[in-house]
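Colleague: Its first residue numbered 277, the sequence shown is counted upward by one per residue in the numbering used here.
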Amino acid sequence: MDLLNILDQTFLEFAGFTFWWHQVIYLLFSLLLIYATYRICLVLAFTYFDKQDVDSVDLGIDSALKRIFGAIAVIAFLESFDLDLILNKSETFTFKISSLILGLIIFQLAQTLDWIANNILHKQFELTRGPSSMSDLDAPSRAASTVQYILYTIAAIVIISAFDLNKPLLQIPIKDDIFILKVRGVLIAILIFLSARLMAWIVTQLILFSYYRKNEIDSGKRFAINQLVIYFIYVIALFVIIDNFGIKLTVLWGGIAALLVGVGLGMQDVFRDLISGIILLSDRTVEVHDIVDVNDHIGEIQKIGLRTSTIHGRNDTTLIVPNSKLVSDQIINWTESDRKVRFSISVGVAYGSDVNLVKSLLLRAVAKSDSISTVPAPFVRFKDFGDSSLDFEVFFWSYHLMDIENVMSDVRFMISSLFTEYGVTIPFPQRDLWFKNDRE
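1. Would you call H503 buried or exposed, if buried means 16 or more other Cβ atoms sit within 10 Å of its Cβ?
2. I'd like the span of the beta strand (DSSP E) that includes G662, first residue to last.
3. Determine the DSSP secondary structure at Q447, reduced to helix, strand or coil.
4. Which first and last residues belong to the beta strand (DSSP E) in which I691 is found?
5. If we ignore side chains and look at the alpha-carbon of each, how far apart do G699 and S647 end up?
6. Express the C-alpha separation of I373 and L361 in angstroms, rounding to a whole number.
7. Name, in chain order, the residues that DSSP records as bridge partners for R460.
8. Do you know offhand how far F469's Cα is from I426's?
9. Could you name each continuous alpha helix (DSSP H) segment of 4 residues or more that falls completely within the stretch 573 to 658, going from the start of the chain to the end?
10. Leaving aside the five residues before and after G662 along the sequence, list all residues of the same chain whose C-beta is less than 7 Å from its C-beta, in chain order.
11. With DSSP as the reference, label K669 as helix, strand or coil.
12. Give the DSSP-derived three-state secondary structure of L309 in the structure shown.
13. Is it right to say E492 is buried, meaning 16 or more other beta carbons lie within 10 angstroms of its own, or is it exposed?
14. Following the continuous alpha helix (DSSP H) through N341, name the residue where it begins and the one where it ends.
15. Can you tell me which of the three DSSP states I260 falls into?
16. When burial is assigned at 16 or more other CB atoms within 10 Å of the CB, is N599 buried or exposed?
17. So, are the CB atoms of R738 and Y675 less than 7 Å apart?
18. Look at I580 and I587 and say whether their C-beta atoms are less than 7 Å apart.
19. When you compare the stretch 556 to 571 with the stretch 601 to 612, are there three or more beta-carbon pairs, one atom per stretch, that lie closer than 8 Å?
20. Helix, strand or coil for I362? Go by DSSP, reduced to three states.
21. Based on the DSSP output, what are the partners of I567 in its beta bridges?
22. Between I392 and I433, which are expected to be in contact by the criterion C-beta below 8 Å, what is the C-beta distance as a whole number of angstroms?
23. Below 8 Å on the Cβ atoms is my guess for L677 versus W610; work out the distance and round it to an integer in Å.
24. To the nearest angstrom, how far is it from the Cα of S693 to the Cα of V479?
25. Taking all protein chains shown into account, decide if D566 is buried (16 or more other Cβ within 10 angstroms of its Cβ) or exposed.
26. State the Cα-Cα distance for the pair N632 and S613, rounded to the nearest angstrom.
27. Once the 5 residues before and after G522 are set aside, which same chain residues still bring their CB inside 7 Å of it?
28. If you run the structure through DSSP and keep just helix, strand and coil, what is I523?
29. If we count the other Cβ atoms within 10 Å of its Cβ and call it buried at 16 or more, is L638 buried or exposed?
30. Using three-state DSSP, classify F383 as helix, strand or coil.
Encoded structure:
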């Protein structure tokens, strides 16, 4: 009996099913190939995570691979013995047992890749920023969440395509054509947006950060560059999404032009703010963390958005300022050239006081404050001979711009204490009144 005749022999008959030898041999070869692939993937996974100093068992990679390849083995068994029964059948798609298992494999694979990507992002973030950066776990966690959404969106797209679930959601007639919005198109648009979000994070938090640290770029310039990069990536993503929906850009530009003409007058302030936001980010006349005075409201710039900027005031208030105000109006930027600013305190002493002693006491008062810079050195000016006092003014520099009122208050307390200790009198205004005598 030759080999072909043996393969055509019946191996087993059970419950009305007939199993042939060639099916058994096919299954054995399939299982051997599946097991070999599983072992190769397991070795590669363990090798990678050992190099990254990560316990791959804790991440569940081994068990996840077992579930994936176990499900593939089940599909191989069903296909080998023609047991892949039909669960549901339509005109365009036949839903079998293997289809259900395939869907589970896709989502398990997405979960496994999510674990791997999450580990890679955390490791790259730590390598780029240093071990101390891991105190800010929100940054890599946000990127890991984006990766998770991307993988599950891809899984949903694969399942929808495999199971013929790409049904139309919306139909809009456009001239002689009909625009059809389908489930797969919406998911692809979401995937493009999430990919742009992940790309923006990688560029700003990993790639550009190394450049910033190497060239010692300050935080304000970092924020401006990052915002411009993020806007650019999202604009490209928007055009890709529009192209994915089959909308011609020439038609879109025509529609945008008509829209701008229609609402231009009513929304000119909004457009002015948008353009001003781009100018601020590129020109950097004001930057994040700058201390500015806007209409007598002094505060630190927390954020420069595309349309508005946020300023945190000294009294813990938040001022939302349209960007056009920061571009066109006159503002005072206390930190444009240097982070420290000069301040002064005026005080008057009684006539007859030792002016050299007054000067020495004023300098001693400001020297006692840790919030006052010693370079440049504080100095005192004899301003004027006032009506009731000798007027002095002490000048000093400080980095504590947001709480400078508290610093100046402490200095005034110290001046009062030293003047009392050394007998220097601060006079109050006096007036001499002469009454005219009519009899004289």
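Beta carbons are placed, not taken as given, at the ideal position from N, Cα and C, and that holds for glycine. Quick caveat: nothing in here was measured; it's all calculated off a predicted structure.
Modeller: In short, the structure shows the following:
1. In the sequence as displayed, the identity of residue 503 is Gln instead of His. Q503 should be labelled buried.
2. Premise fails: G662 is in no beta strand (DSSP E) and is neither H nor E.
3. strand
4. From DSSP, I691 is part of no beta strand (DSSP E) but of the alpha helix (DSSP H) over 680 to 697.
5. 27 Å
6. 6 Å
7. Looking at the DSSP assignment, R460 forms no beta bridge with any residue, so it has no partner.
8. 9 Å
9. 599 to 604, 631 to 643
10. G624
11. The question names Lys, yet the displayed sequence has Glu at residue 669. The answer is strand: DSSP assigns E669 an E or B state.
12. helix
13. Answer is exposed; the Cβ neighbour count stays below 16.
14. A quick correction: the sequence has Leu, not Asn, at residue 341. From DSSP, the alpha helix (DSSP H) with L341 extends over 337 to 356.
15. As shown, the chain starts at 277 and ends at 716. That puts residue 260 outside it, with no answer to give.
16. Buried, because 16 or more other Cβ atoms sit within 10 Å of the Cβ of N599.
17. Lying outside 277 to 716, the shown extent of the chain, residue 738 is not represented and no answer is given.
18. no
19. The way I'd put it, the stretch 556 to 571 does touch the stretch 601 to 612; three or more beta-carbon pairs between them come closer than 8 Å.
20. strand
21. I567 is bridged by DSSP to E576.
22. Contact flag wrong, Cβ pair sits at about 20 Å.
23. 6 Å
24. Roughly 56 Å separates the two Cα atoms.
25. That one is buried.
26. Approximately 34 Å between the Cα atoms of the pair.
27. none
28. coil
29. buried
30. Three-state result, F383: helix.
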